[in-house]
Amino acid sequence: MNEMALPVNATSGVTSWCNFLYDFPEYYRESTVTPDHFADVAGVNVLPQQPLSLMKQSNDTSRADVEIPAPVRDLYATYRPTLLRRAHRLEERLGTTARIYFKYEGANVSGSHKLNSAIAQAHYYKKAGVKHLITGTGAGQWGTALSYACKQFGLRCTVFMVGISYRQKPQRRTIVELFGGEIHESPSPMTRTGREAMERDPERIGSLAVATGEAIEMARELKDSARFAVGSGETCVLLHQTVIGNEAVRQMTALGDFPDYVVACMGAGSNFAGVGMPFLRAAKATGRRTELVAAEPVACPKLTRGDYLFDINDFSGTTPVTRMYTLGSRYLAPPIHAGGLRYHGTSAFLSALYAHGVFSARAIAQTDALGAGILFADCEGIIPAPESAHAIAAAMEIAREHKTGPGRAILINISGHGLFDLAGYEEAKRGALKDDRPEESLIAASLGAARARNDDVAKALAADVRA
Amino acid sequence: MEHEARKFRGARHRGQSGASAKPATTQRARRKKLDRPPTNPAANALASVIAEVLPRHDPENPPPESAELYSDLFIDSRRFLMIIRGLERVLGVEIDDEDLLGVDLITYGDLLRFVGQVAAKEGRKTE
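These protein sequence lines are chains X and H, in that order. For the first sequence, our numbering gives the first residue as 3, with consecutive numbering after it. For the second sequence, our numbering gives the first residue as 260, with consecutive numbering after it.
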């Protein structure tokens, strides 16, 4: 078999998502410990923003696999299975004994892995009678994916996009509008959350916490048929992304290899969990070992420099407080090109795994990431998204650590393409990328506030236990 | 700001149990009279599930129908899911998204009526 490419029919037939909660029920339980926090308001409808089906997915430890609904599989079939191949030329350029493979999730209309959950969520929201989905997006991949998915299921879509990315990537706005969606620069004057954020952030750099807060606020005010949808972090979103890993396990098996390392970038965690968790299951089933490595930006180092705290997920402060690795919800990361990695926190479930040493993390400087992206494009003919370039840089670090001795197999998930990020690559080529190290005072202030809130929560939980 | 003003409260309401425990209702709820005792299987099922999810509640003495699920009984989205799962187990039914179409759940009475509808639907299916 030609190991450079893989016959499509060797990987078709993935009909289920990998329910990693079944594999790690203890970390699921840890991730769901939350305090009560009830506002003193009357007349609240307790029906959640999410459909019951998605809530069940986020809390189900009883099944190893979750069947992908037929309408979702039909749409997946328009772009899946995605490419997985060996990066021979990159290996040669690095002079490594490592065998480097990559899986490419950028070859769909949205340009990223986000479409895997956007389609699933649009399907479930449609079934639940929802007519309008509202969301926040960082670099825009999620917003474009959701607008396309909404179009397929006849739903209206409104997107709040982080301001700096909105201006860096105007093509994202065009795509959302092409699919009939509305898109707003965040922070915006349309919501109380946005107006408050603009007072602190007059340049409207924005953050995913603010964009998400605006979307939640609008969804709550519109009520009835409008709902908030989230692109990462939630366990059900991570579940939908496991179609990547389920495919990749089959593809690696067909290639006769198994990765010693699976490397992916880490925003809130969906592409990381999506590619990684099925490999943990496969490794356990076959008595092998694989190490998952998360690549995060130096500009937003929640895993490598953050704390494991009870924190708020969005700036509006209306979503449940969860325990996660975080820099604090008030942290405003420097405006790096990898906008999808600027979120202050990480999935509660993945945070529990990280706290117990199930995977490792590396912080990558923007210059190193985009440099790796340029080298990868040169060698393999694919321009990766700046987010994915962080994963490539981390994989290159690992490969360089294994210059001699038995070769290790490294699988990188390329979560999206970088065709809307060429301005960033131009800056990298010119050596004009701005320093992306965060201001220490910002991290200290944000973490300080988060730690104070965490102490309040810890007291409430301790009181609960005593009672 | 809302999240600054928000207090983490209610945890003790949720966890307290035992003979000395008192019903976890706010003063507002305590002022309300017991509107209707559970007299049918759906109501009994809901009362038993509520007692599991909110351990301070006695299935023999369920909340009044006018009690608000959120502000009086401290039911959030997480506990709502626990209630749904409990109902599925006790009633032997599967509750899905379609069952919640057009439903508003603000008071315990709303929840009682919803459970009755679900039980009736499942009953028709099995007839």
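Ideal Cβ positions, reconstructed from N, Cα and C, are used throughout, including at glycine.
Residue i: contacting residues in chain X (beta-carbon distance under 8 Å)
i	result
isoleucine 365 of chain H	Gly45, Val46, Asn47 and Val48
glutamate 327 of chain H	Ala44, Gly45 and Val46
Chain-ordered chain H contacts of residue i [CB-CB under 9 Å]
i	result
glycine 131 of chain X	Asp356, Glu357, Leu359, Leu360 and Gly361
proline 322 of chain X	Asp335, Ser336 and Arg337
Contact list for residue i against chain H, beta-carbon separation under 8 Å
i	result
serine 55 of chain X	Asp355 and Asp356
asparagine 61 of chain X	Leu340
threonine 36 of chain X	Arg337
tyrosine 126 of chain X	Asp356
Beta-carbon gap between residue i and residue j smaller than 8 Å
i	j	result
aspartate 42 of chain X	serine 330 of chain H	yes
alanine 120 of chain X	alanine 100 of chain X	no
asparagine 415 of chain X	isoleucine 246 of chain X	yes
proline 323 of chain H	tyrosine 367 of chain H	yes
arginine 325 of chain X	leucine 334 of chain X	no
serine 227 of chain X	histidine 134 of chain X	yes
cysteine 381 of chain X	alanine 89 of chain X	yes
serine 349 of chain X	glycine 235 of chain X	yes
isoleucine 334 of chain H	asparagine 47 of chain X	no
tyrosine 327 of chain X	isoleucine 376 of chain X	no
tyrosine 81 of chain X	methionine 254 of chain X	no
alanine 401 of chain X	leucine 96 of chain X	yes
glycine 142 of chain X	alanine 213 of chain X	no
leucine 86 of chain X	alanine 250 of chain X	yes
aspartate 309 of chain X	alanine 411 of chain X	no
proline 53 of chain X	aspartate 356 of chain H	yes
leucine 355 of chain X	tyrosine 29 of chain X	yes
alanine 285 of chain X	arginine 291 of chain X	yes
glutamate 216 of chain X	threonine 195 of chain X	yes
glutamate 399 of chain X	arginine 364 of chain X	yes
Beta-carbon contacts of residue i that lie in its chain and below 7 Å, excluding the five residues immediately before and after
i	result
isoleucine 354 of chain H	Ile343, Leu346, Glu347 and Val377
arginine 289 of chain H	Bear in mind that the predicted position of arginine 289 of chain H carries a pLDDT of just 44, short of 50, making it unreliable; the figure below should be weighed with that in mind. Excluding sequence neighbours, arginine 289 of chain H sits near nothing in its chain.
aspartate 363 of chain H	Asp369
valine 312 of chain H	Arg338, Met341, Ile342 and Gly345
valine 349 of chain H	Ala304, Ser307 and Val308
glycine 330 of chain X	Asp313, His346, Ser448, Leu449, Ala451 and Ala452
serine 114 of chain X	Glu107, Gly108, Gln143, Ala147, Ala387, Ser417 and Gly418
alanine 221 of chain X	Gln51, Ile136, Ala228, Arg229 and Phe230
aspartate 458 of chain X	none
arginine 65 of chain X	Asn21 and Tyr24
leucine 444 of chain X	Tyr333 and Leu334
Own chain, CB closer than 6 Å to residue i, minus 5 neighbours either side, in chain order
i	result
phenylalanine 22 of chain X	Met279
arginine 273 of chain H	Residue placement at arginine 273 of chain H is flagged as unreliable, the pLDDT there being 34, under the threshold of 50; the coordinate-derived value follows with that caveat. Around arginine 273 of chain H: no qualifying Cβ.
cysteine 238 of chain X	Leu56, Gln59 and Ser60
valine 265 of chain X	Val295, Ala393, Ala396, Ala397 and Ile414
proline 429 of chain X	For the sequence presented, residue 429 of chain X should be read as glutamate rather than proline. Correct list, in chain order: Leu435.
alanine 379 of chain X	Ile385
alanine 301 of chain H	Val374, Gly375 and Ala378
lysine 291 of chain H	Interpretation of lysine 291 of chain H is limited by its pLDDT of 46, a score under 50 that renders its predicted location unreliable; no figure is taken from the coordinates.
valine 111 of chain X	Tyr150
aspartate 259 of chain X	Ala411
phenylalanine 181 of chain X	Ser149, Tyr150 and Lys153
Close Cβ partners of residue i (< 8 Å) along its chain, the five nearest in sequence each way excluded
i	result
isoleucine 70 of chain X	Val16, Thr17, Ser18, Trp19, Tyr78, Ala122 and Val245
lysine 128 of chain X	Phe155, Gly156 and Leu157
aspartate 75 of chain X	Reading off the sequence shown, one finds arginine at residue 75 of chain X, where the question assumed aspartate. Thr17, listed in sequence order.
glycine 131 of chain X	Ser227
glutamine 286 of chain H	Unreliable positioning characterises glutamine 286 of chain H in this predicted model, as indicated by a pLDDT of 43, which lies under 50. A coordinate reading is not provided.
Interface partners of residue i on chain X, CB under 9 Å
i	result
isoleucine 309 of chain H	Those do not exist, as isoleucine 309 of chain H stays about 13 Å from chain X at its closest Cβ, beyond 9 Å.
Distance between beta carbons of residue j and residue i, contact taken as under 8 Å
i	j	result
alanine 231 of chain X	leucine 148 of chain X	6 Å
valine 68 of chain X	leucine 241 of chain X	6 Å
leucine 210 of chain X	glycine 140 of chain X	5 Å
methionine 192 of chain X	arginine 174 of chain X	So it is not a contact: roughly 19 Å between Cβ atoms.
### Task
State whether the segment 156-170 of chain X contacts the segment 341-348 of chain X, with contact taken as three or more CB pairs (one from each stretch) at a distance under 8 Å.
Yes: the two stretches touch, three or more of their Cβ pairs being nearer than 8 Å.
### Task
State whether the segment 301-310 of chain X contacts the segment 438-454 of chain X, with contact taken as three or more CB pairs (one from each stretch) at a distance under 8 Å.
yes
### Query
For the segment 262-274 of chain X against the segment 410-428 of chain X, are there 3 or more C-beta pairs whose distance is under 8 Å?
yes
### Message
Across the segment 390-409 of chain X and the segment 95-111 of chain X, are there enough close Cβ pairs to call them in contact, namely three or more that are closer than 8 Å?
### Response
yes
### Query
Is it true that the segment 178-190 of chain X meets the segment 200-214 of chain X, where meeting means three or more beta-carbon pairs spaced less than 8 Å apart?
yes
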